[in-house]
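Residue numbers for the sequence shown follow the UniProt record's numbering, beginning at 1 and rising by one.
We put the beta carbon where it would ideally sit given N, CA and C, even for glycine.
For clarity, every value in this text was computed on a predicted model and none was experimentally measured.
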Amino acid sequence: MRAWRGLRRAASSALSSGDGAASGGRPRRRAWETSLSPLERVRQLLPPEEAAAVGRCAAAAQAPPQTSPEKEEAAAPQVPSDAAGARPGPFRAGELALAEVRRKHNTTLKLLCRLVAGSTLASPGGILPHRDIIGQLPGQVLRTSAGARLLLRRPSLEEYVLLMPRGPTIAYPKDISAMLMMMDIHPGDTVLETGSGSGAMSLFLSRAVGPKGRVISYEIRNDHHNLAKKNYRYWRAAWEIGHMEEWPDNVDFILKDISTAAADMKSITLDAIVLDMLNPQSALPVVHPNLKQGGVCAVYLANITQVIDLLDRIRTCKLPFLCERIIEVTHRNWLVLPAKIKNCKSSQMVETQENIEEPPQKEYKENHIQDEVVLKESEYNESLSDDAETYCSVPYVARPSYWQDAHSAFLTKLRKFGPLLS
Ligand SMILES: C[S@@+](CC[C@H](N)C(=O)[O-])C[C@H]1O[C@@H](n2cnc3c(N)ncnc32)[C@H](O)[C@@H]1O
1 MRAWRGLRRA ASSALSSGDG AASGGRPRRR AWETSLSPLE RVRQLLPPEE AAAVGRCAAA
61 AQAPPQTSPE KEEAAAPQVP SDAAGARPGP FRAGELALAE VRRKHNTTLK LLCRLVAGST
121 LASPGGILPH RDIIGQLPGQ VLRTSAGARL LLRRPSLEEY VLLMPRGPTI AYPKDISAML
181 MMMDIHPGDT VLETGSGSGA MSLFLSRAVG PKGRVISYEI RNDHHNLAKK NYRYWRAAWE
241 IGHMEEWPDN VDFILKDIST AAADMKSITL DAIVLDMLNP QSALPVVHPN LKQGGVCAVY
301 LANITQVIDL LDRIRTCKLP FLCERIIEVT HRNWLVLPAK IKNCKSSQMV ETQENIEEPP
361 QKEYKENHIQ DEVVLKESEY NESLSDDAET YCSVPYVARP SYWQDAHSAF LTKLRKFGPL
421 LS
């Protein structure tokens, strides 16, 4: 670690006293800098003993690990890189692609599209034909007709549910994760959900119970029922094109009022129940007989008075549930950014660090130009404490982001208990 800090300091001072720095611009690369490897380049800047030590460390890191024949045998069946799900390959027509556009105040606009050869993606920074995306590897930055940069990649399930068409409000992914944990959902489980809404929760449940599990999703409204099914099918169809294995077809969407569904569920034992609907207390008397003893019913409620109504109904109707927890999941977004000093005093230092960490200078600067936080010179001097000197050569600013997700809900964990043994 000490050698690395010494190396950074040596590289920093050598580069900032070089030609480019002295002329006030970006340090120009000399011929030997471009022809040598990054490690060889920094070794040129060190005293001979330190350079030799760095060389020894690098050689040790590159040497193949010493393995016994048994270990080699155990490691022999190589897992193909794509066996975990995602095809490692480029975008294909029919897949979902997510385009990210960097905007002011470190915000990012995300656009979702399904790739079709003759279509175009319209962004505030101009259009991009889908045929320019098809065939590219995810993670590629492309330019729109107007010259704006878009980062293209495959969307996560969280991003898909936040961007897919909505009817009723979805359960937010942060709350869904907490509820999946509350219910301790495992692959192979059978879970009851009410209502289907826009289908966000159904998709996460589908993934959690896997191909051997089952999700039964009730919805009272025809339009919501159709939307949930549509969002689910859309994700599955696109998934199959971009991935090696199928997305499980394990959700039964049922158009029915849950309070009339007792007869349908006679022979079903549920591992868990999740209720995201108005008046969840009206569903409890119907669904609780099917929940296994010790199983959890997670209830998503918009305000605390609804929690009181729910608990009061459980008490007055003597339903076999104990309330184990009521939680509100809050996330706070933060920004941690390298500072750009007014009067440009630190610009050399920012560039120095980038040279060591090796992103191509131009591209890095273009992609991160919005991320700079401007410090006044007095603030900069304050920030150069001993700690700053020890850990990095560039001052960073950390503060809560301007953009906070305000949505909140109360998640109530009810545990079903069995009758007292006498
Ligand atoms: C807030 S939405 C659910 C959103 C869903 N969890 C999601 O993540 O997309 C509530 C849904 O419950 C449905 N609902 C309300 N009462 C119901 C009942 N008695 N039986 C079935 N569905 C019901 C509503 O029509 C609505 O679509």
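The distance from the Cβ of Val251 to that of Tyr232 is about 6 Å, consistent with a contact at the 8 Å cut-off. Gln140 places its beta carbon less than 8 Å from that of Leu152.
Under the three-state reduction of DSSP, Leu111 is assigned to strand. When secondary structure is reduced to three states using DSSP, Ser206 falls in the helix class.
At least one heavy atom of ligand 1 lies closer than 7 Å to the C-beta of Thr169.
With 16 or more other Cβ atoms inside 10 Å of its own Cβ, Ala298 counts as buried. Taking the Cβ atoms as the reference, Ala146 lies roughly 6 Å from Gly125, within the contact range of under 8 Å.
Sorting Trp235, Ala99, Ile134 by C-alpha distance to the C-alpha of Val161 places Trp235 at the top.
Separation of the CB atoms of Asp257 and Ala409 is rounded to 23 Å, and the pair is thereby denied contact status at 8 Å. Here Val191 really is in contact with Asp271; their C-beta atoms are around 6 Å apart, less than 8 Å. Trp247 counts as buried, since at least 16 other C-beta atoms from the protein chains shown sit within 10 angstroms of its C-beta.
Only buried fits Val215, as 16 or more other CB atoms lie within 10 angstroms of its CB. If you ignore the 5 residues before and after Thr194, its C-beta comes within less than 7 Å of the C-beta of Tyr218, Ile258, Leu275, Met277, Ala283, all in its own chain and listed in chain order. Scanning the stretch 123 to 176 for uninterrupted alpha helix (DSSP H) segments of 4 residues or longer gives 130 to 133, 157 to 163, listed from N- to C-terminal end.
Straight-line measurement puts the Cα of Leu157 at about 30 Å from the Cα of Asn290. Taking the C-beta atoms as reference points, Val101 is found nearer than 8 Å to Thr108.
Taking 7 Å as the cut-off, one finds at least one heavy atom of ligand 1 near enough to the beta carbon of Asp257. By the beta-carbon neighbour count (other beta carbons within 10 angstroms, threshold 16), Ile170 is buried. The continuous beta strand (DSSP E) containing Lys292 extends over residues 291 to 301. Under DSSP, Ile216 takes part in a beta bridge, and its partners are Leu192, Asp252. A straight line joining the alpha-carbon of Ser119 with that of Lys104 spans about 28 Å. Collapsing the DSSP output to three states places Tyr396 in a strand.
Contact between Gly295 and Asp223 is absent: CB atoms are separated by about 31 Å, not below the 8 Å threshold. A contact is defined here as three or more CB-CB pairs under 8 Å, and the stretch 317 to 336 meets this definition with respect to the stretch 410 to 418. Look at Glu328 here: in three-state DSSP terms it is strand. About 7 Å separates the beta carbons of Pro400 and Asn333, which is inside the 8 Å limit, making them a contact pair.
Relative to ligand 1, the beta carbon of Met179 is positioned no closer than 7 Å to any heavy atom. For Trp247, the secondary structure class from DSSP, reduced to helix, strand or coil, is coil. Distance from the C-beta of Thr190 to the nearest heavy atom of ligand 1 is not below 7 Å. Around Lys292, the same chain offers Thr269, Leu270, Asp271, Lys416 as residues with beta carbons nearer than 8 Å, after the five sequence neighbours per side are excluded.
According to the DSSP assignment, Thr305 belongs to the alpha helix (DSSP H) that extends over 304 to 316. Each residue's CA atom was taken as its position, placing Lys266 and Lys110 some 45 Å apart. Setting aside the 5 residues that flank it on each side, Leu163 is surrounded in the same chain by Leu112, each with a C-beta closer than 6 Å to its C-beta; the list follows chain order. For the pair Glu159 and Phe204, the Cα-to-Cα distance works out to about 12 Å.
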